[in-house]
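Read through the structure below, which is laid out as structure tokens, and then see the notes.
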């Protein structure tokens, strides 16, 4: 297997023609990106946009195709469609579940919010857009695909609980009652929602599946629960799994994460690193020492591209980050080159340059290791 | 057992409505003026106040709708502090901007008057919520003070100066939100500094002083918190097993957060009474207050309103002598 294989993490900003205002600028961008990325038949889309003869479903298919081509044109080994057909990672997942009701916006910070749902009865997957989304991508992709899905712990932690807490057995301690309710909620989401999605994808040919769990370390006492739920999701399924956790205190994962039946763990590092070149000291990658110390046996995908900045990391910086990570783990074959997280907040021109830099930097690192 | 409660008040700030959230977003994008956002926030604050008056709450919270987070007014306006990175607010999917202390703290402007609609609170027994000084310190990045104790005490002085700046329109009740006091057990030196900071505030403030302990087990601050110069200690029974604080006595009021402000499930009157009873059985206080376990900003506004209403209904029932 080649050293430092490259992959993305999931989301991309919506394609220009999915914006609310579909004006001439957006149409020109559709034409520009169609040409730059070599999207087959993009002229048909542009013509439809100009004549205003399209359906939203058609546009979402085109967006999916454009995003796949963006990742492929950048040269990534493993690609996805940038979640062009999804609202966002939480709401998209729970919109397909019975027993869930969205209650309204809650603050995440300042003016940033998300639409938060309450679990009101036992959750049950009643729609599954993931399969058609995957089959479309599979039909068009020229590289291997990795499908991102939000994990059960995060779905639970980001939701209100109006069902389990109400039916939990009365105890003197609300703390204990909450603990029992949370455990049951997480496991129901694992068994009744996330696992059926994963099974359906694998039955339809998906092999690489990424379980997104950004909430994994939110409650330090529940990291073990997150791992148990992940294992419940993937139990006995023949696929290659990645867990993605970002903007977290990775120390809190230990020792529980060692029990996770995952092949890869994707974490954010670039955001906490400096942009100085150098392979002897990289503050953003210090967390990797824990994985070596605990002899973690899965591959690590440390983010070498910061998704919260328009700064385009030079390939040499990507190279240095990868080589440093390889030295910390004492094994370059265990490192995957990827972004910190999805590139949803970056413009396509920025995202494209960042992904190209990722690929070039991985190539430089590969060359340096092979020469040494 | 007859449960008697003396007072009822919110245990934290209120959430913004979706309309106000969108106005703040437009402001951030440069599509709305600050004055216009303040105007909308003022109308909402007025409604929040009126709701609590109608419901018969003992102390009325203004909602603190202009505050992005509880530390922000100080992080933005104190000399010696600059805004730092987004940081998780304890174990929530909520983030605050971490204050970075770059030089010793000082006040050059009246901060609270920029953030609280005091003109809406005339002749009202109102409640203000501020960060407890040790909590402020522990949530900041200290790049200046050689002794962290000095930072804690300086922040206590800042609180006193701010309260004085409100002159005749100050709050009747000051709640210091203090999750950092219970995240872990503090050592004896830390405890003494916390108590000293509370003493500074108590001596400089004529109203009632409350410390609210939430998100973690209140027993981490027992029994020393009961000896601190406080009128009210608040606890979060959703994070504290009452059995862990059994047998303690308190000469002040114990505020029991019987409403879980982090979950949309609206507790029934019976559940509220059961929660209160479980605490009253364990801690012998001079009196008891009914409150929420923390801020209500984890909820969409209409859910928060429903929870406030339930709190007030339970209070009325308890005041009626419900046993």
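Protein chains in written order, with our numbering: chain A, 5 to 376; chain B, 39 to 361. C-beta: ideal position from N, C-alpha, C; glycine also. Source: prediction; values computed, not measured.
- Message: Measuring straight from C-alpha to C-alpha, what distance separates residue 274(A) and residue 113(A)?
- Response: In the first chain, the residue the question calls residue 274(A) occupies position 270. In the first chain, the residue the question calls residue 113(A) occupies position 109. Looking at the two C-alpha atoms, the distance is approximately 22 angstroms.
- Ordered along the chain, which non-local residues of its own chain (more than five positions away) have a Cβ less than 7 angstroms from that of residue 312(A)? Counting from one through the first chain, the residue named residue 312(A) turns up at place 308. Around residue 312(A): 275 and 349.
- Item | Buried or exposed (CB count within 10 angstroms, at least 16 for buried), residue 121(B) | Along the second chain, read from residue 1 onward, the residue named residue 121(B) stands at position 83. The residue in question, residue 121(B), is exposed, as its Cβ has fewer than 16 Cβ neighbours within 10 Å.
- Counting Cβ pairs closer than 8 angstroms, one from the stretch 242–262 of chain A and one from the stretch 325–338 of chain A, do we hit at least three? No contact exists between the stretch 242–262 of chain A and the stretch 325–338 of chain A.
- In terms of residues, what are the limits of the alpha helix (DSSP H) holding residue 228(A)? Residue mapping note: residue 228(A) aligns to position 224 of the first chain, counting from 1. Segment 227–238, the alpha helix (DSSP H) holding residue 228(A).
- residue 266(A) versus residue 329(A) - alpha carbon distance: As a first step, residue 266(A) is located in the first chain; it is residue number 262 there, counting from the start. As a first step, residue 329(A) is located in the first chain; it is residue number 325 there, counting from the start. The straight-line gap from Cα to Cα measures roughly 20 angstroms.
- Message: For residue 30(A) and residue 254(A), what's the separation of their Cα atoms in angstroms?
- Response: Within the first chain, the letter at position 26 stands for residue 30(A). Within the first chain, the letter at position 250 stands for residue 254(A). Rounded to whole angstroms, residue 30(A) to residue 254(A) spans 40 angstroms at the Cα level.
- Task: Scan the stretch 257–283 of chain B for residues whose Cβ lies nearer than 8 angstroms to a Cβ of chain A and list them as they occur along the chain.
- Result: 275, 276, 277, 278, 279, 280 and 281
- Under the assumption that residue 11(A) contacts residue 342(A) (Cβ atoms under 8 angstroms), give the Cβ distance between them as a whole number of angstroms. Position 7 of the first chain, counted from the start, is the residue given in the question as residue 11(A). Position 338 of the first chain, counted from the start, is the residue given in the question as residue 342(A). Confirmed, Cβ separation roughly 5 angstroms.
- Message: If we define contact as Cβ-Cβ less than 7 angstroms, is residue 115(A) a contact residue for chain B?
- Response: Numbered from its first residue, the first chain carries residue 115(A) at position 111. Closer than 7 angstroms to some Cβ of chain B, the Cβ of residue 115(A) qualifies, so yes.
- Message: Quick check for students: name the residue ranges of the beta strand (DSSP E) that lie wholly in the stretch 250–332 of chain B, counting only runs of 3 or more.
- Response: Entirely contained in the stretch 250–332 of chain B, the beta strand (DSSP E) runs reaching 3 residues are, in chain order, 270–273, 287–297 and 322–330.
- Listed by chain order, chain B residues near residue 190(A) by CB distance under 9 angstroms: Working through the first chain from its first residue, we reach residue 190(A) at position 186. None at all; the shortest Cβ gap to chain B is about 15 angstroms.
- Message: Once DSSP output is grouped into helix, strand and coil, what is the label at residue 241(A)?
- Response: As a first step, residue 241(A) is located in the first chain; it is residue number 237 there, counting from the start. In this structure, residue 241(A) counts as coil in the three-state DSSP scheme.
- Message: If contacts are defined as beta-carbon pairs under 8 angstroms, then residue 138(A) and residue 208(A) qualify, I think. What distance do you get, rounded to the angstrom?
- Response: Reading the first chain from its first residue, position 134 is the one you call residue 138(A). Reading the first chain from its first residue, position 204 is the one you call residue 208(A). Yes, they are in contact, since the Cβ atoms of residue 138(A) and residue 208(A) sit about 6 angstroms apart, within 8 angstroms.
- Query: Which word fits residue 228(A), buried or exposed, when buried means at least 16 other C-beta atoms lie within 10 angstroms of its C-beta?
  - Reply: Your numbering for residue 228(A) matches position 224 in the first chain. Label assigned to residue 228(A): exposed.
- Message: Let's test the definition: count the other Cβ atoms within 10 Å of the Cβ of residue 73(B) and tell me whether it reaches 16, buried, or not, exposed.
- Response: The residue labelled residue 73(B) in the question sits at position 35 within the second chain. With fewer than 16 other Cβ atoms within 10 Å, it is exposed.
- Task: Tell whether a beta-carbon distance below 7 angstroms holds between residue 177(A) and residue 255(B).
- Result: The residue labelled residue 177(A) in the question sits at position 173 within the first chain. The residue labelled residue 255(B) in the question sits at position 217 within the second chain. Contact flag unset, no.
- What is the residue span of the beta strand (DSSP E) that residue 303(A) lies within? Locating residue 303(A) in the first chain gives position 299, where the first residue counts as 1. That run of the beta strand (DSSP E) goes 303–309.
- Query: DSSP three-state call for residue 287(A): helix, strand or coil?
  - Reply: The residue you call residue 287(A) lines up with position 283 of the first chain. Residue state, collapsed to three classes: helix.
- Query: For residue 222(A) and chain B, any beta-carbon pair shorter than 7 angstroms?
  - Reply: As a first step, residue 222(A) is located in the first chain; it is residue number 218 there, counting from the start. With 7 angstroms as the cut-off, residue 222(A) counts as an interface residue toward chain B.
- Task: Might you give, ordered along the chain, the residues of its own chain that have their beta carbon closer than 8 angstroms to the beta carbon of residue 159(A), omitting 5 neighbours on each side?
- Result: Here residue 159(A) refers to the residue found at position 155 of the first chain. Taken in chain order, the residues that qualify are 94, 97, 98, 193, 197 and 198.
- Message: At the 7 angstroms Cβ level, is residue 360(B) part of the contact set with chain A, yes or no?
- Response: If you number the second chain from 1, residue 360(B) lands on position 322. Reliability fails at residue 360(B), whose pLDDT of 47 lies under 50, so the model's placement of it is uncertain and no value is given.
- Query: Is there a Cβ from chain A that is less than 7 angstroms from the Cβ of residue 66(B)?
  - Reply: By one-based count along the second chain, residue 66(B) stands at place 28. For residue 66(B), the answer is yes, since a Cβ of chain A falls inside 7 angstroms of its Cβ.
- Query: When Cβ atoms are compared, which residues of the stretch 117–134 of chain B fall closer than 8 angstroms to chain E?
  - Reply: In the displayed structure, chain E is absent; the protein chains listed are A and B.
- Task: Return no unless some Cβ of chain A is closer than 7 angstroms to the Cβ of residue 303(B).
- Result: Numbered from 1 along the second chain, position 265 holds the residue referred to as residue 303(B). So, interface residue.
- What did DSSP end up calling residue 440(A) once you bin it into helix, strand or coil? Residue 440(A) lies beyond the residue range present for chain A, which begins at 5 and ends at 376; the question has no answer from this structure.
- Who are the Cβ neighbours of residue 148(B) in its own chain at under 7 angstroms, not counting the five residues just before and after it? Residue 148(B) sits at position 110 when you count from the first residue of the second chain. The answer, listed in chain order, is 203.
- Residue from 358(A), 354(A) and 321(A) with nearest C-alpha to residue 1(A): In this structure chain A extends from 5 to 376, so residue 1(A) is not present and cannot be described.
- Closer than 8 angstroms, Cβ to Cβ, to anything on chain A: give me those residues from the stretch 321–342 of chain B, in chain order. Taking 8 angstroms as the Cβ-Cβ cut-off against chain A, the residues of the stretch 321–342 of chain B that qualify are 335, 336, 337, 338, 339, 340 and 341.
- Positions along the stretch 40–59 of chain B whose CB lies within less than 8 angstroms of some CB in chain A: 53, 54, 56 and 59
- If we call anything under 7 angstroms between Cβ atoms a contact, is residue 242(B) one with residue 270(B)? For the purposes of this step, residue 242(B) is taken as residue 204 along the second chain, with counting starting at 1. For the purposes of this step, residue 270(B) is taken as residue 232 along the second chain, with counting starting at 1. Going by C-beta atoms, residue 242(B) is not nearer than 7 angstroms to residue 270(B).
- Item | For residue 362(B), the three-state DSSP class (helix, strand or coil) | Chain B is shown from 39 up to 361; residue 362(B) falls before or after that span and cannot be answered.
- Item | Chain-ordered neighbours of residue 62(B) on chain A, where CB pairs are closer than 9 angstroms | Here residue 62(B) corresponds to residue number 24 of the second chain, with the count starting at 1. Simply 114 and 115.
- Query: Helix, strand or coil: which one does DSSP assign to residue 75(A)?
  - Reply: Position 71 of the first chain, counted from the start, is the residue given in the question as residue 75(A). Helix.
- Task: For residue 115(A), count neighbouring Cβ atoms within 10 angstroms of its own Cβ and tell me buried if that reaches 16, exposed if not.
- Result: If you number the first chain from 1, residue 115(A) lands on position 111. With 16 or more other CB atoms across the displayed protein chains lying within 10 angstroms of its CB, residue 115(A) is buried.
- Item | Three or more C-beta pairs below 8 angstroms linking the stretch 82–92 of chain A and the stretch 357–364 of chain A | No, they do not touch.
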